[in-house]
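Chemist: Sharing a structure, written as structure tokens. Questions coming.
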């Protein structure tokens, strides 16, 4: 996916550890969870999890016991209850409730101490309180906490390339930006402010130049301007190298990927109205724009590696979820399968 390797398992589910992207969905009407193990265009198995009570939100992905298989973090935003399912393929290996957190608490899943097991960072958007939980399976082994201003939104990153989670913070009301890194032993926080960006801009963590460290992809939804921030040198400094990418119409959708497995972030650019698609391949300091076959209007794209060859593929699904098709990458471009 051309983000630092330590972040991949926190974004893309792989419930049986075979290196191929699997699928999990929660039907908000029937409250049934569906899990499918994927091998290319085939399913290796599936399970249904009925009667998930109302209030529990679609789960987040992690690996809480370090077995390289995706586990699920659940949260009931009404009651503040939290829980973990430890997964083994399509089966629930174990589960437990965690300490409840009532209020506007939001979870960020990361790996903060380098032990290979997913940890939890909690932030209260309203009050600014935060907690970091170091986890071992479903057990909390250590906790720190503190308080900052409310109204910020944290995202996982790895700015210094140490394979431990850092945090990128953005304030959507002021345009402010900052980052935190953590000492793995003491959990001391080191923070630095970054330049302000317009409130019409949104950021996504990427690795544009393939150096194993996070950069930022900025897109201005008002102007259509696209920009990348990268950092160089042995340490992380607030001054970034800015790379301008082609501007696009503000209504285009952009997904990040790595279609040729060179470790650099590529982009799938789609016009949802005309169903025209492009791939932007990163060359480290600029992009090469390549046309690809167009998928019909009414389909949305999700990026994964569904056959385990390390090239990003595209899974197209209709907005009602009744149809889906996978385009596999040939190492350069994703394309439809030809019978």
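Numbering (this note's numbering), first residue to last: 479 to 817. Note that the Cβ used here is the ideal one computed from N, Cα and C, for glycine as well.
Report back the beta-carbon spacing between residue 699 and residue 726 to the nearest angstrom; my notes put them in contact at under 8 Å.
Modeler: Not quite, the Cβ-Cβ distance comes to about 11 Å (not below 8 Å), so this is no contact.
Chemist: What does DSSP give as the partner residue(s) for residue 524 in the beta ladder?
Modeler: According to DSSP, residue 524 bridges with 514.
Chemist: How many Å lie between residue 639 and residue 689 at the Cα?
Modeler: 8 Å
Chemist: Hey, residue 692 and residue 736: beta-carbon distance below 8 Å or not?
Modeler: No.
Chemist: Take residue 802 as the anchor and find which of 774, 668, 552 has the nearest alpha-carbon.
Modeler: 774
Chemist: Spatial neighbours of residue 761 within its chain, please: CB distance less than 7 Å, with the 5 preceding and 5 following residues excluded, ordered by chain position.
Modeler: none
Chemist: Give the single residue among 516, 787, 599, 533 whose Cα lies nearest to the Cα of residue 625.
Modeler: 599
Chemist: Could you compute how far the alpha carbon of residue 816 sits from the alpha carbon of residue 739?
Modeler: Residue confidence is low: residue 816 scores 46 on pLDDT, short of 50, so the model does not pin down where it sits. Its coordinate-derived value is still stated next. Residue 816 and residue 739: Cα-Cα distance of roughly 23 Å.
Chemist: Would residue 718 pass as a contact of residue 683 if the rule is Cβ separation under 8 Å?
Modeler: no
Chemist: So if DSSP puts residue 608 in a beta bridge, which residue, or which two residues, is it bridged to?
Modeler: Its beta-bridge partners are 601, 624.
Chemist: Using three-state DSSP, classify residue 704 as helix, strand or coil.
Modeler: Residue 704 sits in a strand when the DSSP states are folded into three classes.
Chemist: Please go through the same chain and pick out, in chain order, the residues whose beta-carbon is closer than 6 Å to the beta-carbon of residue 695, but skip the five residues on each side of it.
Modeler: 682, 684, 706
Chemist: Check residue 618 in the structure and name its three-state DSSP category.
Modeler: Here residue 618 sits in strand by DSSP.
Chemist: Could you tell me the boundaries of the beta strand (DSSP E) in which residue 655 lies?
Modeler: 655-660
Chemist: With respect to the beta strand (DSSP E) encompassing residue 635, which residues constitute its N-terminal and C-terminal limits?
Modeler: 631-635
Chemist: Thinking just about the alpha-carbon of each residue, which of 490, 741, 703 is nearest to the one in residue 728?
Modeler: 703
Chemist: For residue 782, name the three-state secondary structure that DSSP assigns.
Modeler: strand
Chemist: Going by alpha carbons, who is nearest to residue 529 out of 517, 627, 512?
Modeler: It is 512.
Chemist: Sort 534, 771, 495 by Cα distance to residue 515 and report the nearest one.
Modeler: 495
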